[in-house]
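Residues -16 to 314 (our numbering) are what the sequence shown spells out, left to right.
The beta-carbon is built from N, C-alpha and C at its ideal position, and this holds for glycine as well.
Please read all numbers here as calculations on a predicted model, not as lab measurements.
Okay, so here's the structure we're looking at.
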Amino acid sequence: MLTALATSIFSWYDIIQLSNLGLEKHEDWIKKRLKDGVTRVRIVDESGKTGPPGVVVSHFQAAQIQQARSAHEEAARVSPDLNRTTVAVALEAEGARFPAGELLAWEQLEVVLADHNGCFVLKCGALEKIQAFSEMTNRVYTLMPTEGAPTMLVSGIPMHRIKGTDPYRDTLNKLRAVGRIDGPVLDTCTGLGYTALEAARTATHVTTVELDPAVHTIIQLNPWSWRLFSTSNITPLIGDSSEVITSFPDASFQCIIHDPPMFSLAGDLYGLPFYRELRRVLRRGGRLFHYIGNPESKSGASVTKGVVRRLQEAGFRNVQPRREAFGVFAR
């Protein structure tokens, strides 16, 4: 019944897929959308696609295999999931064989070695670069390796800090800047899902919003974030945060993590109308962290000044820089 209701709400324009968290959970939300006539938001169900993506490697792992081969060793210990775990890989005449049976042929190894900005999934003998083109935004998204968790290139620009840190440590810095993570949490910009996944460890529930469906393609193939779609207290939404936020009731969230793209790509997410919506949906005593960028840079200092002023104008109090996390905290 609910599935039919949902389809009628969103019609052909943006067909809804119900979350695997339980249909009844979203019934009130969907009925409200019907009342309000909102058609550009959808709940994402990736339950049929959820699972480890297979062997995922980058030039870091390829170099380790190559080094062991050059040393005439019989095996190499490398990560099959971009630095989450390590396994013993047998070095055979045809290539490097992973424990599950996947073979990375020597010619495929050369392809991986030559690409320092790409990650590759190996499945059923085929090697594919983890990359997606969005017809909606005309942007290319590429999973980029680091010595820790991968980041994502958005048309060639890394979406995380990677100098002197790695994307997951960067995420932890942002969450520490919020303080205690509890109650319902809003993550305004999903990205690779690191914020939502980490917040879900202690939050009662996390709602995370992503503008571009192509990003979910990358998430599904990222060993660090595919669990976004199977974690029971996370609801992923596809939509424009500046529109989606208007659908949430007042005082919906105890914590908000606002980590938007750079100002030049998403100016509306730095604007006073959006900040007023953030204040409206934040509970009394709730906490906001707004990532901005390097406060020491000329552009970062300028944007930070404007952000602080507009947050105060929107009704936030105790607006304080969090330089170690490249953003500001507010209540």
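Query, Result
"Whole-Å CB distance - residue 270 paired with residue 162, under 8 Å assumed", "5 Å"
"Buried versus exposed call for residue 140 [16 or more other C-beta atoms within 10 Å across all chains shown]", "exposed"
"Beta-ladder partner(s) of residue 127, from DSSP", "134"
"Runs of beta strand (DSSP E) lying entirely within the region 158 to 226, each at least 3 residues, in chain order", "167 to 170, 188 to 193 and 217 to 221"
"Residue 251, buried or exposed, once every other Cβ within 10 Å from all chains shown has been counted against 16", "exposed"
"C-beta atoms of residue 135 and residue 195 nearer than 7 Å", "no"
"Distance, residue 154 Cα to residue 45 Cα", "27 Å"
"Chain-order list of residues whose beta-carbon lies under 6 Å from that of residue 231 (same chain, five-residue window excluded)", "264"
"Three-state secondary structure assigned by DSSP to residue 300", "coil"
"Residue interval of the alpha helix (DSSP H) (run including residue 262)", "255 to 264"
"Unbroken stretches of the beta strand (DSSP E), 3 residues or longer, contained in the region 55 to 117", "58 to 61, 70 to 74, 78 to 80, 86 to 88, 102 to 106, 109 to 112 and 114 to 116"
"C-beta atoms of residue 52 and residue 74 nearer than 7 Å", "yes"
"Length of the line joining the Cα atoms of residue 100 and residue 201", "14 Å"
"Same chain, Cβ closer than 6 Å to residue 225, neighbours up to 5 away in sequence not counted", "251 and 257"
"Cut-off 6 Å between Cβ atoms - residues of its own chain near residue 243, not counting five sequence neighbours on either side", "172, 249 and 252"
"Assigned exposure category for residue 309 - 16 Cβ within 10 Å defines buried", "buried"
"Distance, residue 181 Cα to residue 300 Cα", "26 Å"
"Under the three-state DSSP convention, the category residue 42 falls into", "helix"
"As assigned by DSSP and simplified to three states, the class of residue 249", "coil"
"Whole-angstrom C-beta distance between residue 59 and residue 72, which should lie under 8 Å", "5 Å"
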